[in-house]
DNA sequence: AATTTGACGACCG
DNA sequence: TCGGTCGCCAAAT
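Residue numbers (this note's numbering): 32 to 142.
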């Protein structure tokens, strides 16, 4: 796993606004490389540098081993949580709504 | 080279 | 809703 990939993932995480979340799989799909587990690896080793609590599991549960901390932060920024998990229908951030210019990582020229 | 290990995810009974 | 199971993907044993 190279540095470029790590930066790519961290950059994607930083796009998620306060009060919204993205699943590991969402991030993986957005960056277009690796899978949810690779994103998990990056977050595990380098997540401290970004709003890591906005990356949750596909079912809305916070990162393994960081449930308390993540929930506290998510609730503090008014993310839609219920019974210890994020309501993904309401809280999931759709990367499709990001500015087309954010395609930097895919080397595209945009529409 | 084979197996195990993860801040994971989809399916199924 | 809740476990169990299998698939995934790269890295570490």
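Where a beta carbon is used, it is the ideal one built from N, C-alpha and C, also for glycine.
Residue 40 and residue 59 have their C-alpha atoms some 8 Å from each other.
DSSP, reduced to helix, strand and coil, places residue 89 outside both helices and strands of the structure shown, so it counts as coil. Relative to residue 32, the option among 54, 73, 86, 113 whose CA is nearest is 73. With 16 or more other Cβ atoms from the protein chains shown falling within 10 Å of its own Cβ, residue 54 counts as buried. A check of alpha carbon separations from residue 77 across 120, 35, 129 identifies 35 as the nearest. By the Cβ-count criterion, residue 103 is exposed, with fewer than 16 other Cβ atoms from all chains shown falling within 10 Å of its own Cβ.
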